[in-house]
Structure formats: structure tokens, C-alpha cells
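Which chain is which? The protein sequence lines are F and U, in order.
Per numbering that gives the first Met the number 0, the first sequence starts with residue 0, numbered consecutively.
Per numbering that gives the first Met the number 0, the second sequence starts with residue 0, numbered consecutively.
Virtual Cβ for every residue (Gly too), placed ideally from N, Cα, C.
Since the structure comes first, as C-alpha cells, the remarks are kept for the end.
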Amino acid sequence: MGQNKKLNLEILDWSFVYDKNQIEELNTKELVPKMVTRRRLTRAAKIAIYLASQVNYSNERIIFGSSFGELLATDTILNSISDKEPISPTHFQNSVYNTAISYLSILSGNDNEIMTISSGDDTSKNIFKSGVIKAIDGDELLLMGIETLNIPSIREVNKCIDYLECGIAVRVKITDEKANLQLDTTNNLKIPNSLVELYNVAKSCENGRKNIVEVAI
Amino acid sequence: MISSLEKKVYITNSSSICCAGSNNEELFKNICSSKSGIKQIENYFQGHSPSVGLIESENDFYENLELQFSEILETSNLNDFENTLLIIGSSVGGMNHTEKIFLKNKEYQNIDPKLHNINAISHIINKKFKFEDSISFSTACTSSANAIGYGYEVLSKGFYENVLVVGIDQISQTTVGGFLSLGVLSSNSCKPFDISREGMNVAEGIVSTLLQTTATKNSVEVCGVGYSSDAHHMTHPHPDGIGAQKSMQNALKSAQINSSDIQYINAHGTGTTANDNAEAKAIEKLFGQDVYVSSTKSITGHTLGAAGSLEAVISSMVILNQTIPTSTNLKIAENENVLFSRENKKMNIKYVMSNSFAFGGNNCSLIFGRV
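Printed below as a string of C-alpha cells:
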């Protein structure tokens with residue numbers, strides 16, 4: 000039954016950023032003026048805050064996704080354990096998978112539902128699926144996927160991803176209009192597979208027309 | 000915001016294992032007899048000896064999960080899971096696996112990324128069982144509460160026939176050491192809502208819950224779900240419990256019932272100063288002294304991402320047994336304006352609410368009802 004339903008989402012706004020190592024222009028100083036707060040942000044949180052600023056975000060419900068979550072915080076904790084040093088409370092609180100989007104909610108005062116999906120290579124496909132299921136309720140949603148894989152030892156395990164930092168956001172609503180975009184798993188750029196569908200949709204959006212993606216459940 | 004719902008949703012089958020029991024019946028019996036599964040482990044982490052809740056079993060951690068799936072297939076109306084959506088709720092996923100390999104020689108190269116992240120659970124399951132589709136949620140300690148909420152949504156909106164929710168978290172040095180660093184671990188079995196509470200107990204748990212749209216014998220209805228965010232702080236709840244209050248209000252709205260319809264709240268009640276203070280205030284504001292409240296974490300410990308599922312099972316057992324469990328370890332309540340249960344109480348129970356709150360101010364309240 001699940002595979003029989005197809006629903007369409009209109010992409011109202013979109014934004015994406017990526018870099019082989021570290022995305023430079025995230026405008027964090029302007030977006031988060033308080034240094035004490037800014038210093039606690041993870042790379043993914045900075046990317047989330049930047050992307051939200053690019054898509055006319057106004058405290059919608061959010062479906063966020065990441066396959067590997069806060070890899071640098073996790074790496075730092077593991078090294079502390081290995082070195083028999085105390086774990087930093089900040090690194091621990093920043094190690095959960097919903098860290099990035101929680102900082103966005105705290106900074107923007109968003110008290111709505113904020114969900115975090117981590118489905119491996121299917122993460123962005125599942126962001127779209129859960130996004131369309133929730134969008135049936137009639138409100139606009141922010142869908143966002145981020146990976147921040149640039150940790151010191153990443154070369155020990157990474158054999159196939161060229162762009163270690165990537166983030167994509169689309170603001171969506173349900174529509175009955177005909178789709179002109181499909182979820183596509185082509186990954187020529189070699190970004191993390193977990194973000195491919197989101198990236199391909201955002202990349203294919205064009206100004207001056209309605210961008211509508213079909214999502215099969 | 001949950002609307003456009005078409006179908007009723009029921010928990011038709013479930014299986015659990017945690018430090019307080021290897022099945023639902025044993026778990027509920029131990030809760031009602033105040034028999035805690037929490038034990039102090041000498042020198043568990045860097046010389047610290049916290050009290051934690053470990054699963055005691057002859058089986059490997061994931062063998063227990065596999066056994067739960069086999070048990071559900073044997074005792075449900077399903078022959079397989081090919082027409083079932085698998086929903087995982089976990090806060091650490093394969094972290095334990097990563098720790099074991101990394102801490103041998105401080106290298107990542109022998110770690111399979113597919114066994115490290117949250118999706119590791121789904122990856123392991125899909126080697127043995129075929130599902131229609133799968134999705135994994137990771138919102139720290141609300142992970143499996145949100146997973147049940149999502150299962151409720153997809154079934155009631157008519158997208159799937161069956162949903163199997165797995166709430167699962169294995170204890171790891173990262174979680175024990177991390178909570179130690181925050182100064183919130185107790186060296187004794189926790190005392191939720193007590194004025195002299197010392198903190199929480201990290202624990203592990205595996206809980207599988209089958210959700211379907213047709214009730215069977217001993218089913219419990221999933222009546223509603225409410226989500227919210229504190230938008231306040233990464234680890235501290237809003238001191239007035241505003242986010243907790245909103246998730247409970249949203250759950251009542253979703254279930255289309257009033258606060259006076261609830262007979263019992265299985266509180267998040269971790270035993271930490273901040274959580275219990277904020278949650279009690281939120282309950283006081285919404286329910287006054289009209290509903291019995293207890294936390295069962297003094298018996299089970301805090302199973303983190305599995306807690307929402309474990310407490311959904313406990314809530315189901317409360318309804319099926321028509322018994323509200325006592326508040327183990329609660330001597331003097333910090334908030335006297337909340338009606339904490341002080342003994343096991345047999346009564347007519349129609350609706351139960353279960354609260355789960357997490358890092359990042361992520362909140363989820365679920366409502367279960369008698370069929």
C-alpha cells in the first residue's frame with residue numbers, strides 16, 4: 000500500500016551550500032551577534048542558521064535530517080575517552096543528532112514541532128516522505144539536510160565523498176498541481192548520498208516558475 | 000498540528016526488555032512492587048561508579064531485538080513484515096560498536112560507517128527481516144516517542160497498513176561519561192520529583208511496538224500525539240515548563256479530549272533537578288491535582304532514545320491492568336500541587352498520557368486509551 004501514494008510538494012524557497020572542506024560564507028557573525036552563543040554552535044548549526052536565513056524561514060515546523068549527525072563532537076568525545084580525559088559538557092550536549100536544528104529553534108524562538116531523521120543514504124528521501132505526510136495538515140514546512148564530515152581522521156573511513164560539508168534547505172507546502180521535478184539519486188558531484196535527493200531538487204528549482212516535486216510514499 | 004486523520008490506531012502487540020524486566024509482564028510487576036533494575040557499577044567510567052540500568056540477558060543485545068521480532072510475528076496477525084513500515088527511534092544508534100573499535104587503537108579505519116550511525120539499527124534489522132520501508136528518528140531522549148507519534152500519523156492518515164516501532168538504545172561510555180560531565184548522574188536509584196533527588200540513571204532498553212488500524216485482543220488505542228520545542232536551551236528545559244505544557248496541550252488537542260479525561264500521566268521524570276521541576280510545573284498548570292502522576296524511571300532508569308517506547312508499553316500495561324503504579328523512591332514531593340501516586344491504585348482508567356522530553360528542548364506527549 001505504501002508505494003501506491005504519490006503526493007506533490009511546491010518548493011516555495013530553496014538554498015544549498017557545499018564545500019570540499021569547510022563552507023566559508025555562512026554570515027554567522029551577523030546572524031548570531033552574541034559571541035557567547037556563537038562560540039557554542041557546531042558547524043552544522045551554523046549552516047542550518049545560514050540556510051534558514053536564505054529561504055524566508057518564519058518558524059515553520061521543521062523536518063531536519065543527517066546521516067552522521069555531529070561527527071566532530073562525537074570524535075572529540077571519543078578522543079577524550081581514549082585519552083582518559085573528562086568529556087566536555089558542551090561537546091556532549093552538541094553531540095546529539097538534533098543539535099543543529101535545536102540551535103536554530105532556540106535562536107529563532109520556534110516552539111513548533113521539529114523532527115530529526117537519520118536514515119543513512121535514505122535520509123533526504125525520508126525527509127521528503129515525512130515532509131509530505133505532515134504537509135497534508137496544510138501548513139508550510141522547512142525541510143533541511145546537513146552533513147559535516149570534515150573531522151581530522153575522516154580520510155580513514157571516507158573513500159567516496161568529495162564534499163565533506165553540505166547543506167540544503169527547501170520551504171514547502173502541499174499542492175494538487177502537476178509535478179515538474181522528481182526525486183533523483185544521481186550523485187555526480189559526490190556529495191554525501193544522504194543529501195542527494197534534497198540537493199537535486201534544490202539545484203533543479205528555477206526562478207519564475209512553480210517548482211513542484213512528486214513524492215512517492 | 001495533527002489533522003486530516005482518517006483511521007484509529009492501536010498498539011496491538013509489543014515486546015520489551017530493560018534492566019527491570021525481560022518482558023512486559025515482568026516489567027510491570029516489578030514497577031508495581033518497586034523492584035528496581037538499577038545497580039551501581041564500580042569504576043564504570045574513569046573511576047566513577049554510577050548507578051545504571053543494564054539489560055541482564057544470556058543473549059547478545061541485537062539477538063534480543065531479533066527475538067522480539069520473532070515473538071511479534073508469532074503472536075500477531077502478521078506472517079512477515081513485508082507490508083509493514085519499520086520506524087526506529089534511537090539516540091545513539093551504533094555508538095557502542097564505534098566505541099569498541101575506536102578505543103582499541105584510536106583508529107576509525109576498521110569501523111563500518113553503516114554500523115556507526117542511527118541507521119545502524121535499521122541496517123542490522125534489514126539483514127534478517129524484510130520490511131516495506133523504513134525510517135529512523137533521532138531526537139535524543141524523545142526519539143522513540145517521536146517514532147510512535149510518526150507511526151500514529153502515517154497509519155491514521157492511511158499511508159501504511161502496519162507499523163513496527165523500535166525504541167532502542169545501548170549503554171555506552173559516551174552517554175555515561177557525557178551525563179557525568181553534566182553533573183546529573185545519581186549514584187543511587189533515582190528519586191523523580193522528590194525534594195532530595197540527586198539525578199538520573201542512564202539505562203538501556205529494547206522495545207518493539209506493533210501499531211495497526213484494527214484492534215485485536217488486549218489492544219490499546221493510540222489516541223493522539225503532541226509535539227513542541229522549548230526554544231530555550233540545549234540541555235535545560237524552560238524553567239516554567241512552557242514547552243512541556245505545549246506538547247501536552249497539543250496531545251490533548253490531537254486526541255480531541257480534555258485534561259479532565261486523563262486519569263494518569265507517566266511523567267518523563269528523570270530525577271534531575273531541572274526536568275522534574277519544569278515538568279511538575281507544567282502538569283500543575285494543565286491538570287492541577289486532578290490526575291495521578293508518577294515516573295517509572297526509578298525502576299527502569301532512563302533508557303534515553305528507547306524511553307518513549309518503553310513508557311508507551313508501561314502506559315499500555317496501566318490501561319490493560321487498570322492499575323496506576325506507585326511512585327517508587329518519592330518521599331517528599333518538591334511540588335505539592337501535583338497528585339503523585341503513593342501506592343498502586345486500581346481504578347477505572349480510560350486515558351493515559353506519557354511524556355518524553357529531550358536535549359534541544361524537543362518535547363513529545365502521547366495519549367493512549369482503553370479500547
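Suppose you measure from the CA of Ser52 of chain F to the CA of Glu9 of chain F; what does that come to, to the nearest Å?
Note on geometry: alpha-carbon atoms of Ser52 of chain F and Glu9 of chain F lie some 19 Å from one another.
Same chain only: Cβ atoms within 6 Å of Gly176 of chain U, ignoring 5 sequence neighbours per side
Cβ-Cβ distances below 6 Å link Gly176 of chain U to Phe44 in the same chain, with the five nearest sequence neighbours on each side left out; the list follows chain order.
Close-in-space but distant-in-sequence residues of the same chain around Met0 of chain U (CB under 6 Å, 5 per side omitted):
Model confidence at Met0 of chain U stands at a pLDDT of 46, short of 50, so the residue's coordinates are unreliable; what they give is reported in the following sentence. Closer than 6 Å at Cβ, skipping near neighbours: no residue.
By alpha-carbon positions, which one of U:Ser171, U:Gly148 and U:Tyr61 ends up nearest to His122 of chain U?
Considering only U:Ser171, U:Gly148 and U:Tyr61, the residue with the shortest C-alpha distance to His122 of chain U is U:Tyr61.
Between Val153 of chain U and chain F, is any beta-carbon pair separated by less than 8 Å?
Yes - at least one Cβ of chain F is within 8 Å of the one on Val153 of chain U.
Whole-angstrom distance between Val317 of chain U and Ser253 of chain U, CA atom to CA atom
Distance from the CA of Ser253 of chain U to the CA of Val317 of chain U, rounded to the nearest whole angstrom, comes to 21 Å.
Whole-angstrom distance between Ser101 of chain F and Trp13 of chain F, CA atom to CA atom
If you draw a straight line from the Cα of Trp13 of chain F to the Cα of Ser101 of chain F, it comes to about 20 Å.
Simplified DSSP assignment, three categories, for Ile1 of chain U
For Ile1 of chain U, the predicted structure reports a pLDDT of 47, less than 50, and the residue's modelled location is therefore unreliable. The matter cannot be settled from this model.
Going along chain F, which residues have a C-beta under 8 Å from Leu102 of chain U?
Residues of chain F passing the Cβ test: Leu77, Ile80 and Ser81.
From the DSSP output, read off the bridge partner residues of Glu164 of chain F.
DSSP lists F:Asp18 and F:Thr147 as partners of Glu164 of chain F.
Look up Tyr291 of chain U in the DSSP assignment and give the residues it is bridged to.
Under DSSP, Tyr291 of chain U forms a beta bridge with U:Tyr263 and U:Leu338.
Of all the options U:Leu66, U:Glu106 and U:Gln262, which has the alpha carbon lying nearest to the alpha carbon of Met346 of chain U?
Among U:Leu66, U:Glu106 and U:Gln262, the Cα nearest to that of Met346 of chain U belongs to U:Gln262.
Give me the chain F residues within the contact set of Thr212 of chain U, using Cβ-Cβ distance strictly less than 7 Å, ordered along the chain.
Correct list: empty, because the minimum Cβ distance to chain F is about 11 Å.
Is Ile22 of chain F near the ligand MN, going by C-beta to nearest heavy atom under 7 Å?
Absence of the ligand MN is noted for the structure shown, with no ligands found whatsoever.
Using 8 Å for Cβ pairs, my map puts Gly304 of chain U next to Ser90 of chain U. What's the rounded Cβ distance?
Cβ-Cβ separation between Gly304 of chain U and Ser90 of chain U: approximately 3 Å, consistent with a contact (criterion under 8 Å).
Quick one: does Phe67 of chain F have its CB under 8 Å from some CB of chain U?
Interface flag for Phe67 of chain F against chain U is set, since a Cβ pair is found closer than 8 Å.
Since Ala215 of chain F is in the beta strand (DSSP E), which residue starts that stretch and which ends it?
For Ala215 of chain F, the enclosing beta strand (DSSP E) covers residues Asn210 to Ala215.
Distance check for Asn26 of chain F and Phe127 of chain F, CA to CA, integer angstroms please.
The straight-line gap from Cα to Cα measures roughly 27 Å.
Chain U beta carbons: is any one of them nearer than 8 Å to that of Lys5 of chain F?
Chain U, which has no Cβ nearer than 8 Å to the Cβ of Lys5 of chain F, makes this no.
Indicate whether at least one CB of chain F lies closer than 8 Å to the CB of Met376 of chain U.
The requested residue 376 of chain U does not occur in the structure, where chain U is confined to residues 0 to 370.
Residues of chain F with CB closer than 8 Å to the CB of Gln248 of chain U, please, in chain order.
Correct list: empty, because the minimum Cβ distance to chain F is about 11 Å.
Does the CB of Asp161 of chain F have a neighbour CB from chain U at under 8 Å?
Not an interface residue.
8 Å Cβ cutoff met for Val162 of chain U and Gly150 of chain U
In this structure, Gly150 of chain U lies closer than 8 Å to Val162 of chain U by Cβ.
Assign Met34 of chain F to one of two classes, buried (16 or more other C-beta atoms within 10 Å of its C-beta) or exposed (fewer than that).
Exposed.
What first and last residue would you give for the alpha helix (DSSP H) that runs through Met94 of chain U?
DSSP places Met94 of chain U inside the alpha helix (DSSP H), whose first and last residues are Met94 to Asn104.
Buried or exposed: which applies to Thr411 of chain U, given that a residue is buried once 16 or more other Cβ atoms fall within 10 Å of its Cβ?
Nothing can be reported for residue 411 of chain U, as the shown portion of chain U is limited to 0 through 370.
I need the boundaries of the alpha helix (DSSP H) containing Ser69 of chain U, first residue and last residue.
Unbroken alpha helix (DSSP H) run through Ser69 of chain U: Phe60 to Thr74.
I'd like to know if Thr98 of chain F contacts chain U, where contact means its C-beta is closer than 8 Å to some C-beta of that chain.
At a cut-off of 8 Å, the C-beta of Thr98 of chain F has a neighbouring C-beta in chain U.
Excluding five sequence neighbours on each side, which residues of the same chain lie with their C-beta closer than 7 Å to the C-beta of Ser185 of chain U?
Only Ser50, Glu197, Gly198, Met199, Asn200 and Gly270 meet the Cβ criterion.
Express the C-alpha separation of Glu131 of chain U and Met0 of chain F in angstroms, rounding to a whole number.
Low per-residue confidence applies at Met0 of chain F: pLDDT is 48, beneath 50, and the placement is therefore not dependable, though the value from the model is reported in the following sentence. In this structure, the CA atom of Met0 of chain F is about 9 Å from the CA atom of Glu131 of chain U.
Taking the straight line between their C-alpha atoms, what separation do you get for Ser340 of chain U and Ala146 of chain U?
When only Cα atoms are considered, Ser340 of chain U and Ala146 of chain U end up about 28 Å apart.
Let me check one thing: in DSSP terms, what residues is Val171 of chain F bridge-paired to?
Its beta-bridge partners are F:Ile10 and F:Leu140.
Let me know if Ser238 of chain U comes out buried or exposed under the rule of 16 or more other beta-carbons within 10 Å of its beta-carbon.
The sequence shown places Pro at residue 238 of chain U, not Ser. Burial call: exposed.
Per-residue burial, Ile331 of chain U [other beta carbons within 10 Å of its own, 16 or more giving buried]:
With fewer than 16 Cβ atoms within 10 Å of its Cβ, Ile331 of chain U is classed as exposed.
Partners in chain F for Gly242 of chain U, counting only beta-carbon separations shorter than 8 Å:
Correct list: Asp110.
Just curious, the beta strand (DSSP E) that Arg369 of chain U is in, first and last residue?
In the DSSP assignment, Arg369 of chain U falls within the unbroken beta strand (DSSP E) covering Asn361 to Arg369.
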